[in-house]
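Worksheet: one structure, shown below.
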Amino acid sequence: MRHLLAVAAGLAVLAASACSAPVPPRSDTVPSAKPTGPATLPAPTGDHPVGTTALYLTDTSRPDPWNLDADARELKVTLWYPTEQRDGERAPYMTPEESELVLKGSKIAAIPFDALSRTRTNAFKDAKPAGRRLPLVVLSPGFTKPVSTLTSLAEDLASRGYVVAGIDHTYESYATTLADGRVAECLACDSDTDPGFGPLVVQGRAADVSYVLDRLPSRWDGSRVLDLSRIAMVGQSIGGAGAIAAMVKDPRVRAGIDMDGTTYARIPKSGFSRPFMFMGSPQHTVGGRDPSWDRDWKLLTGWKRWLVLSGAEHQSFTDGPLLTGAYGVEPAYGVMAAARSSELTRTYVAAFLDRHLKSQPRPLLDKPSSRYPEVTFCPATCDRS
Amino acid sequence: MNAVRAAAAGLALLLAAACTAPTPPRSHASAPGGTVCAPPQKPPEAETPTTIDVIEQAYFCILGTYYSGSTLDARSLLLAGFVALTRELNRNGHDLPEATMPALAGDRKADWAAFETAYRKITDQVPDLRDTLAVVTLEALVAALGDDHASWAHGGGERPPGYYDGDGYGLGLQASVYGPQLDGNPGVALPPLFVTTVQGGAARAAGLRPGDVIEAVNGSAPFIDGEPTPAIPALYPRYPEARPVRLRLLRRTTGRRWSVTLKPGLYQRNLAELQVVQSKLLDDGVAYVRMRGFAPDSADRVLKAIARLREGRTLSGVVLDLRGNGGGSPTEAVRLVSAFVHGKATAYTCAVDGTCQALRTDDTVELVGLPLMALTDRGCASACEHFSSAAKDLGFGRLIGTRTAGVISGPAQSYLLRNNTMLSLPARHHLGPDREVIDRIGVAPDHYVPTTPKDAAAGRDPVLAKALTLLHQ
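Chains A and B are the protein sequences, given in the same order.
At position 322 of the first sequence (counting the first as 1) the number is 322 in full-length UniProt numbering, and the numbers step up by one without a gap.
At position 340 of the second sequence (counting the first as 1) the number is 340 in full-length UniProt numbering, and the numbers step up by one without a gap.
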């Protein structure tokens with residue numbers, strides 16, 4: 001939770017003078033009696049089968065922001081897209097090494113260390129892309145997370161006719177396998193309590209996104225299916241904060257969604273008129289502990305929404321609850337079931353993208369829905385909790 | 001997948017370890033006062049007004065957990081509180097015939113009851129002043145301890161509207177007198193007062209430069225007969241203070257003398273410079289590492305930076321720049337010392353009865369094995385002085401610059417009060433490796449090298465220059 005981290009960072013700063021006392025670790029969710037096995041991600045809901053492939057890019061125009069010994073920025077991009085292929089090899093969720101690094105780094109002991117490499121996905125590895133003039137969605141994960149933690153959302157969007165470019169922001173995740181097989185670990189984690197860390201991360205993410213947009217047409221042989229005039233960005237946690245940063249810097253990104261991320265990029269005082277949607281857990285309500293959405297909301301001058309999902313927590317917008325739930329880990333008290341948070345995330349993200357990249361009417365975004373009573377529209381009907 | 005949350009919790013744990021290090025004083029934990037107040041278990045809820053009940057909780061919290069809480073004359077606290085209370089009444093034009101100090105007999109509970117009765121009688125008559133009176137009284141109670149690591153955090157903490165992580169608030173400058181010299185150990189500042197860094201905001205807009213001598217702040221001299229005056233803290237307004245500050249400046253290089261009015265506000269700072277650990281290789285094979293605080297993991301970050309700069313070359317030494325390092329975790333200080341010496345006590349923490357515990361080096365930390373020059377100034381406080389005194393006493397490094405802050409009474413623990421404000425109190429006091437007091441005295445450098453306005457104006461760093469000279473001898 002970015003803002004919790006920020007709180008921790010704040011404590012650290014306090015500690016410098018007064019040595020303030022800590023937030024104790026929240027007792028983790030407990031495994032129930034009958035563990036099952038690795039997760040199978042929910043089937044995509046759109047009409048198309050899904051393909052996926054990885055792309056490795058190296059930006060030689062700038063040094064890596066975290067690895068002081070790297071004079072270029074290496075990035076791994078995972079693409080998900082519609083395909084006509086109906087069977088074949090499913091893409092792995094992660095490698096066993098990545099799985100272990102991610103689970104150990106996240107201090108998750110409730111599931112086996114190789115669990116994420118055995119998680120079943122729906123996308124066919126290296127399948128041929130199908131379609132034309134498809135809109136593009138850039139996906140950016142939370143801090144310490146590989147972009148594969150957003151696979152369920154990515155596959156669903158691809159099945160609905162989007163090309164999704166998920167970026168692994170190297171050294172900001174517990175594990176990124178680079179082009180030559182080296183596994184980059186989380187060097188940025190060393191400095192994540194520094195003041196100004198959040199702004200530094202989103203500044204780097206914006207640069208990563210622009211570079212990917214620059215190179216995607218020439219470096220991906222499937223790029224003929226793309227309509228590069230229709231690009232949006234969706235991110236969770238600091239990835240969502242990165243969406244604002246990328247949009248401020250790069251006009252090619254026409255619309256964006258921040259899923260539960262405390263924001264760090266400066267929106268120009270003159271305003272910012274491209275469509276934007278905040279979508280968060282109840283921690284991100286109006287006047288809540290994290291003031292960043294209140295600050296940014298005033299500066300958004302175009303189409304905008306601020307949705308709060310009751311019963312959501314920070315990871316509800318990722319595959320996290322699905323992955324641990326498969327091993328019998330129950331959601332914490334008051335937190336919605338994994339299948340439900342996945343459904344809500346997919347539904348509202350798709351509605352936003354359909355509306356703004358495909359110009360399709362989506363009344364779901366205009367008012368509360370009896371089908372999704374968890375979703376509150378802020379600031380109109382949500383108050384300080 | 002609670003990675004980040006887990007990370008936050010992990011950090012918090014480290015902090016916990018840091019703040020209670022090395023072992024929680026059992027005697028204090030079981031003292032009666034231990035039940036009056038407890039460390040916060042989660043981020044505190046919204047603050048509520050300070051009342052006499054909060055003051056009572058703080059009073060017994062101090063007596064139960066503070067270093068000398070078991071032996072101090074509790075009447076001194078109540079007296080200090082009453083002095084502040086009557087002073088505030090007067091200041092507001094509301095003096096009352098009943099505002100008389102009650103007789104105290106030396107019994108902590110009975111004296112509190114007498115104090116509370118008098119307090120209520122007074123404050124009931126001035127309901128509009130009730131909150132203010134409670135705040136000044138509690139502030140005075142804590143200040144009466146005369147302990148730079150005893151504090152009461154209340155109010156404030158609120159961010160200015162439009163704040164972004166990393167932003168600064170104020171005039172946008174740092175001067176030669178800053179940090180602990182303002183509140184932690186006032187009285188040690190030396191003239192002249194001059195700008196050392198222009199960080200942004202109003203100071204940058206007004207064209208101030210390093211080396212500009214500040215002759216007056218809001219019309220008052222910063223020093224009178226060599227003694228620092230309250231004009232100096234006015235250079236560093238804190239939100240919501242927003243009154244413009246008028247400076248009279250002298251640029252010695254040109255002889256220009258002029259005045260500017262600077263309005264406090266938010267300003268952007270250079271994000272790279274905010275990083276707690278920064279490092280570079282100086283061209284003559286010296287690893288330069290700047291460490292701004294003893295934050296969680298910072299010792300390992302320093303060691304990683306040295307290891308990285310060392311790869312593929314032979315270094316002649318390490319310069320560790322601790323200027324402005326406000327301290328942090330004693331655990332980190334011990335860890336960093338352990339990279340330069342093994343088998344030693346880095347410090348002692350002592351109870352009021354004189355029994356001390358040694359903080360010992362962690363001899364599993366690999367030794368760096370290079371000459372060390374540590375750059376210090378009056379901004380090096382707390383854990384920074386723990387490290388500096390160890391470097392000097394144990395002989396593994398030389399200190400260059402000016403004396404450290406002298407703000408290291410002992411590691412503080414925070415206690416949550418019932419109105420969600422935080423009281424921080426040390427249970428033990430800190431001594432250096434030779435069992436010497438460092439608090440209020442500071443650690444004297446091996447090589448005294450002050451920085452002058454002329455150096456600042458020219459962008460020269462005589463302290464670093466001296467360190468490099470010594471390394472090459």
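Backbone N, C-alpha and C fix where the C-beta goes; we use that ideal spot for every residue, glycine too.
Values in this document were obtained by computation on a predicted structure and should not be read as measured data.
Alpha helix (DSSP H) segment containing residue i, residue limits
| i | result |
| --- | --- |
| Leu-101 (chain A) | 96-105 |
| Trp-293 (chain A) | 292-297 |
| Trp-112 (chain B) | 108-123 |
| Glu-56 (chain B) | 52-65 |
| Val-217 (chain B) | Not the alpha helix (DSSP H): Val-217 (chain B) falls in the beta strand (DSSP E), residues 213-217. |
| Val-135 (chain B) | 130-143 |
Interface partners of residue i on chain A, CB under 8 Å
| i | result |
| --- | --- |
| Leu-271 (chain B) | Gly-196, Pro-199, Leu-200, Gln-203 |
According to DSSP, residues forming a beta bridge with residue i
| i | result |
| --- | --- |
| Leu-41 (chain A) | Partner(s): none; Leu-41 (chain A) has no beta bridge. |
| Ala-412 (chain B) | B:Pro-426 |
| Ile-167 (chain A) | A:Val-77 |
| His-447 (chain B) | B:Ile-400 |
| Glu-227 (chain B) | B:Ile-224 |
| Trp-258 (chain B) | B:Leu-249 |
| Lys-304 (chain A) | A:Phe-276 |
| residue 386 (chain A) | For chain A, the structure presents residues 1 to 385; residue 386 (chain A) sits outside this window and is missing. |
| Phe-124 (chain A) | A:Gly-51, A:Arg-90 |
| Val-231 (chain A) | First, the residue type needs correcting, since residue 231 (chain A) is Ile and not Val in the sequence shown. DSSP, once it has assigned bridges, lists A:Leu-136 as partnering Ile-231 (chain A). |
| Tyr-333 (chain A) | Tyr-333 (chain A) pairs with nothing; no bridge assigned. |
| Thr-197 (chain B) | B:Gln-174 |
| Arg-290 (chain B) | B:Gln-278, B:Asp-321 |
Continuous beta strand (DSSP E) stretch holding residue i: start and end
| i | result |
| --- | --- |
| Gly-247 (chain A) | Rather than Gly, the amino acid found at residue 247 (chain A) in this sequence is Met. Element bounds for Met-247 (chain A): not the beta strand (DSSP E) but the alpha helix (DSSP H), 238-249. |
| Ser-140 (chain A) | 134-140 |
| Asp-214 (chain A) | From DSSP, Asp-214 (chain A) is part of no beta strand (DSSP E) but of the alpha helix (DSSP H) over 197-219. |
| Gln-278 (chain B) | 277-282 |
| Phe-377 (chain A) | 375-378 |
| Ala-150 (chain B) | Segment: none, Ala-150 (chain B) is in no beta strand (DSSP E) and carries neither H nor E. |
| Glu-155 (chain A) | Taken as a continuous stretch (DSSP letters only), Glu-155 (chain A) belongs to no beta strand (DSSP E), being part of the alpha helix (DSSP H) at 151-159. |
| Gln-357 (chain B) | 356-360 |
| Cys-350 (chain B) | 345-350 |
| Thr-53 (chain A) | 50-59 |
| Thr-345 (chain A) | Not the beta strand (DSSP E): Thr-345 (chain A) falls in the alpha helix (DSSP H), residues 338-357. |
| Asp-321 (chain B) | 317-321 |
| Gly-46 (chain A) | Element bounds for Gly-46 (chain A): n/a, residue is neither H nor E. |
| Leu-104 (chain B) | It is not in any beta strand (DSSP E) - Leu-104 (chain B) carries neither H nor E in the DSSP assignment. |
| Leu-417 (chain B) | No beta strand (DSSP E) holds Leu-417 (chain B); DSSP gives it neither H nor E. |
Partners in chain B for residue i, counting only beta-carbon separations shorter than 9 Å
| i | result |
| --- | --- |
| Leu-68 (chain A) | Ser-279, Ala-305, Arg-308 |
Partners in chain A for residue i, counting only beta-carbon separations shorter than 7 Å
| i | result |
| --- | --- |
| Gly-162 (chain B) | Arg-295 |
| Arg-301 (chain B) | Asp-190 |
| Arg-159 (chain B) | Pro-291 |
Amino acids of chain B, ordered along the chain, whose beta-carbon sits closer than 8 Å to that of residue i
| i | result |
| --- | --- |
| Tyr-264 (chain A) | Tyr-164, Asp-165 |
beta-carbon residue i near the ligand SAM non-hydrogen atom, thresh 7 Å
| i | result |
| --- | --- |
| Asp-73 (chain B) | Looking at this structure, you won't find the ligand SAM or any other ligand, since it has none at all. |
Checklist entry - Hey, is the stretch 335-350 of chain A in contact with the stretch 170-189 of chain A, meaning 3+ C-beta pairs nearer than 8 Å? => result Contact fails: fewer than three Cβ-Cβ distances are below 8 Å.
Checklist entry - When the Cβ atoms of the stretch 362-381 of chain B are set against those of the stretch 171-186 of chain B, are three or more pairs found closer than 8 Å? => result yes
Next on the checklist: Against chain B, which members of the stretch 171-194 of chain A pass a CB distance test of less than 8 Å?
Outcome noted: Tyr-174, Cys-189, Asp-190, Ser-191, Asp-192, Thr-193, Asp-194
Next on the checklist: Three or more C-beta pairs under 8 Å: does that hold for the stretch 404-423 of chain B against the stretch 151-169 of chain B?
Outcome noted: yes
Item to check | Residues, ordered as in the chain, of the stretch 274-291 of chain B that lie near chain A by beta-carbon distance below 7 Å | outcome: Leu-274, Gln-275, Val-276
Next on the checklist: For the structure I just gave you, are there three or more beta carbon pairs, one from the stretch 304-319 of chain B and one from the stretch 349-362 of chain B, closer than 8 Å?
Outcome noted: no
Checklist entry - Would you call the stretch 125-136 of chain A and the stretch 218-235 of chain A in contact, with 3 or more CB pairs under 8 Å? => result yes
Item to check | Where the stretch 287-314 of chain A meets chain B: residues whose CB sits under 7 Å from a CB there | outcome: Pro-291, Arg-295, His-314
Checklist entry - Touch check for the stretch 39-55 of chain A and the stretch 76-91 of chain A: three-plus C-beta pairs under 8 Å? => result yes
Next on the checklist: At a CB distance below 9 Å, what residues from the stretch 405-435 of chain B approach chain A? Give them in sequence order.
Outcome noted: Val-407, Pro-411, Ala-412, Gln-413, Ser-414, Tyr-415, Leu-416, Met-422, Ser-424, Pro-426
Checklist entry - Okay, do the stretch 105-124 of chain B and the stretch 386-401 of chain B touch, 3+ Cβ pairs below 8 Å being the bar? => result no
Checklist entry - With contact counted as at least three CB pairs below 8 Å, one residue from each stretch, are the stretch 61-70 of chain A and the stretch 97-114 of chain A in contact? => result no
Checklist entry - Can you find at least 3 beta carbon pairs, one from the stretch 190-204 of chain B and one from the stretch 421-430 of chain B, that sit closer than 8 Å? => result Because the criterion of three Cβ pairs below 8 Å is not met, the stretch 190-204 of chain B and the stretch 421-430 of chain B do not touch.
Item to check | Segment contact, 8 Å Cβ cut-off, at least three pairs: the stretch 442-462 of chain B with the stretch 394-407 of chain B | outcome: yes
Next on the checklist: If contact is defined by three or more beta carbon pairs under 8 Å, each pair taking one atom from either stretch, is the stretch 205-224 of chain A in contact with the stretch 255-263 of chain A?
Outcome noted: no
Next on the checklist: For the structure I just gave you, are there three or more beta carbon pairs, one from the stretch 453-473 of chain B and one from the stretch 246-266 of chain B, closer than 8 Å?
Outcome noted: yes
Item to check | Segment contact, 8 Å Cβ cut-off, at least three pairs: the stretch 138-156 of chain A with the stretch 316-323 of chain A | outcome: yes
Checklist entry - Is there contact here, the stretch 78-94 of chain B with the stretch 166-181 of chain B, by at least three beta-carbon pairs under 8 Å? => result no
Checklist entry - Does the stretch 188-195 of chain A touch the stretch 157-167 of chain A, meaning 3 or more C-beta pairs lie closer than 8 Å? => result no
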